[in-house]
């Protein structure tokens with residue numbers, strides 16, 4: 697279901713979702729002097745004040761949940777009890793992360809009530825990391841109410857990671873055992889070794905499928921590889937006796953490269969990364 701903007705006419709319904717969710721998650725674990733201020737009207741007032749940054753899921757005038765962002769903070773996220781486990785909370789979370797990332801932020805944060813393990817588990821499942829506790833200054837009609845909470849953060853580069861990737865690449869080999877040993881030596885992770893087919897995993901999850909064939913036409917491999925530190929990798933390969941070619945600059949594409957010949961005879965090109973530190 698699409699995440700959408702909110703109409704002012706929906707505020708009463710959204711306040712009801714917030715009030716019900718707050719009471720269910722927090723009434724038993726937070727101080728009574730705070731709970732007495734968390735009325736239906738108080739939630740409606742806060743929604744009204746944040747209307748431009750409120751997003752909802754559910755048909756128009758029938759919202760099932762909402763999320764609010766504020767500066768670099770994921771400020772609030774609630775879904776109705778009937779929508780729990782439906783994936784709507786995850787959709788709201790992804791939308792909030794995308795909006796925060798569009799502001800140019802690298803890191804977002806949120807506050808989670810200490811003891812709210814259901815919410816904490818949800819955020820951790822979606823890549824948020826608890827970095828400690830903090831004192832949250834909560835608004836009430838009597839002034840600010842200080843409350844110690846769990847602080848969660850997330851690297852938004854991860855949220856912006858592309859939604860598709862290369863699943864498999866295939867390389868034919870007439871020397872299965874030696875090709876398998878080579879792939880291990882250059883840093884691939886073995887998934888399955890077999891006499892006819894072997895599978896190795898690269899960074900990012902792409903699988904290399906080695907297919908045994910009696911006669912193989914060799915040449916440039918049908919893929920190339922990228923490493924964060926090309927020069928260190930080149931030195932390591934030399935020390936392993938893999939005989940890498942000299943490093944060459946490719947200024948037109950902002951890379952340096954070298955090649956290595958694998959046991960069957962295919963030539964694999966290794967590229968430097970211009971995205972070191974970004975998710976792969």
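Numbering (the numbering used here), first residue to last: 697 to 976.
C-beta: ideal position from N, C-alpha, C; glycine also.
All values reported here derive from a predicted model rather than from experimental measurement.
Taking 3 residues as the shortest admissible run, the region 784-848 contains the following complete beta strand (DSSP E) segments, listed from N- to C-terminal end: 803-809, 825-836. Boundaries of the beta strand (DSSP E) around residue 761: 761-766.
It is roughly 26 Å from the alpha-carbon of residue 942 to the alpha-carbon of residue 871. Of the residues assessed, residue 907 falls on the exposed side of the cut-off, its CB having fewer than 16 other CB atoms within 10 angstroms. Cβ contact annotation for residue 850 (same chain, cutoff 6 Å, sequence separation greater than five): 804, 823, 824, in chain order.
The Cβ-Cβ distance between residue 792 and residue 832 does not fall below 8 Å.
For residue 721, the CB contacts under 6 Å within the same chain, skipping 5 residues up- and downstream, are 812 in chain order. Spanning the alpha carbons of residue 762 and residue 852 requires a straight line of approximately 20 Å.
For residue 772, DSSP records a beta bridge to 764.
Between the alpha carbons of residue 712 and residue 736 lies a gap of roughly 7 Å. Taking the CA atoms as reference points, residue 845 sits about 10 Å from residue 726.
Between residue 828 and residue 847, the CB-CB gap stays under 8 Å.
Following the DSSP letters along the chain, one finds residue 729 inside the alpha helix (DSSP H) bounded by residues 728-731. Exclusion of the five residues before and after residue 757 leaves 705, 706 as the residues of its chain whose Cβ lies within less than 7 Å of its Cβ. Rounded to whole angstroms, the gap between the alpha carbons of residue 876 and residue 920 is 17 Å. With a cutoff of 8 Å on beta-carbon distance, residue 964 and residue 955 are scored as near each other. CA-to-CA, the gap between residue 765 and residue 818 works out to about 18 Å. Secondary structure at residue 898: coil, using DSSP grouped into helix, strand and coil.
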